[in-house]
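In my numbering, the protein residues as written are 6 to 398.
Right under this line is the structure:
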């Protein structure tokens, strides 16, 4: 008997004839994550389950944490693998498992069974009943509660038998790489890292772009964004972070355009540049952390004005979220404490006292005509001088 992990998935199970592609992608992501921790593991796909078998010594907590961050995994259970699944040995092994896992055995329990080996002499209900009786005989301090047990003892019978009782939650979602790639507009705030996490959770690889405005934004503000990218890469996998020097463009807009329109016009040029990068990097869309009504640039009118410059789809996973909903997720994925560090990004530096909340697209376009003399060359310079930072956990 040796230890392994049984990994369950949810949505992948309804994929029909294409399911094996998603399972294979999930196995690859699990192997990639486990390769970064000490220990040797074999990842095996088998009839609606994925098994990770440990070869030799490994750090249990590191292994569970690595697998819990793999999108597509819904639950992780440490299992004991029973090579000899004859009934007598199965009964002994399950009893040994309970004895090893629980020093005090004054709890209620229920046995649950799944028998994939249809040649096994007992059916799943028979395994549950007979195994429950054997456990009560060996541990009389236990008691059965079939409705609300404190502990479930799971017994799965396949080519081998597996027993487990503890379940750790997974990240759920879909395996990375099964839904293409998108470009995240990443700032130093709370929202955009959460937006990237949520789109990656649907199987999308993430690239990112950050608009830097020295000297109005410091190197520490830039490092904060790199730190945020590193934190979400624990879930999204490696991220190519494109750092765009936006200072000259911002100052030109500030000098030539009405100040109440600054935020919208700057945002439109950010979207133009992000879309150019997205196309060059084979991305299928842009991702932002916008939520309706949160700030002046995120009213319905403002979002329409922003969308006006984009041909690629813009994905806004937080669009209907309250701020507290977003904060809760940021705390869950570990980005909140970094996001609230007091380093300004390039948007907050140039916010007008009374920004327009219902911009008219035609008026915005008219204001942008004042930029025609220099703006195209400035955008080209910004694209030509991009700094690319490879970020990984």
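Think of the CB as a built atom: it goes at the ideal place given N, C-alpha and C, for glycine as much as any other residue.
Quick caveat, the model's predicted, so the values are computed rather than measured.
Per DSSP, residue i forms a beta bridge with which residues?
| i | result |
| --- | --- |
| residue 174 | 80 |
| residue 8 | 85 |
| residue 320 | 292 |
| residue 47 | 58 |
| residue 148 | 113 |
| residue 118 | 160 |
| residue 13 | 80 |
Please report the straight-line C-alpha distance between residue i and residue j, rounded to a whole angstrom.
| i | j | result |
| --- | --- | --- |
| residue 331 | residue 136 | 46 Å |
| residue 379 | residue 260 | 12 Å |
| residue 90 | residue 161 | 10 Å |
| residue 6 | residue 131 | Only weak support exists for where residue 6 lies, its pLDDT of 48 falling under 50; the coordinates are left without a value. |
| residue 319 | residue 210 | 15 Å |
| residue 76 | residue 321 | 19 Å |
| residue 194 | residue 341 | 9 Å |
| residue 43 | residue 213 | 30 Å |
| residue 26 | residue 242 | 19 Å |
| residue 386 | residue 312 | 23 Å |
| residue 376 | residue 258 | 7 Å |
| residue 219 | residue 157 | 58 Å |
| residue 200 | residue 189 | 8 Å |
| residue 215 | residue 176 | 26 Å |
| residue 230 | residue 328 | 20 Å |
| residue 106 | residue 86 | 14 Å |
| residue 310 | residue 398 | 36 Å |
| residue 297 | residue 348 | 24 Å |
| residue 235 | residue 223 | 19 Å |
| residue 24 | residue 37 | 20 Å |
| residue 93 | residue 118 | 16 Å |
| residue 251 | residue 59 | 49 Å |
| residue 393 | residue 198 | 18 Å |
| residue 100 | residue 138 | 11 Å |
| residue 115 | residue 150 | 6 Å |
| residue 422 | residue 97 | The question about residue 422 has no answer, for the chain in this structure spans 6 to 398. |
Shorter than 8 Å from the beta carbon of residue i to some beta carbon of chain D?
| i | result |
| --- | --- |
| residue 261 | Looking at the structure shown, chain D is missing, and only one protein chain is on hand. |
In terms of residue numbering, what span does the alpha helix (DSSP H) encompassing residue i cover?
| i | result |
| --- | --- |
| residue 249 | From DSSP, residue 249 is part of no alpha helix (DSSP H) but of the beta strand (DSSP E) over 244 to 250. |
| residue 391 | Counting along the chain, residue 391 falls outside any alpha helix (DSSP H), and DSSP gives it neither H nor E. |
| residue 269 | 267 to 285 |
| residue 41 | Residue 41 -> no alpha helix (DSSP H), and no H or E assigned at all. |
| residue 378 | Element bounds for residue 378: n/a, residue is neither H nor E. |
| residue 401 | Given that the chain is displayed from residue 6 to residue 398, the structure contains no residue 401 and the question cannot be resolved. |
| residue 300 | Element bounds for residue 300: n/a, residue is neither H nor E. |
| residue 312 | 305 to 312 |
| residue 341 | 341 to 344 |
| residue 18 | Here residue 18 belongs to no alpha helix (DSSP H), and DSSP marks it neither H nor E. |
| residue 372 | 366 to 373 |
| residue 97 | 92 to 106 |
| residue 130 | 129 to 143 |
| residue 65 | 65 to 73 |
Does the beta-carbon of residue i have 16 or more other beta-carbons within 10 angstroms, so that it is buried, or is it exposed?
| i | result |
| --- | --- |
| residue 206 | buried |
| residue 359 | exposed |
| residue 228 | exposed |
| residue 171 | exposed |
| residue 266 | buried |
| residue 8 | exposed |
| residue 18 | exposed |
| residue 303 | buried |
| residue 383 | buried |
| residue 276 | buried |
| residue 145 | exposed |
| residue 279 | buried |
| residue 178 | buried |
| residue 345 | exposed |
| residue 52 | exposed |
| residue 152 | exposed |
| residue 263 | exposed |
| residue 71 | buried |
| residue 271 | buried |
| residue 217 | buried |
| residue 208 | buried |
| residue 196 | buried |
| residue 301 | buried |
Enumerate, from N- to C-terminal direction, the unbroken alpha helix (DSSP H) stretches of 4 or more residues contained entirely within the segment 162 to 224. DSSP runs (the alpha helix (DSSP H)) wholly in the segment 162 to 224: 196 to 205.
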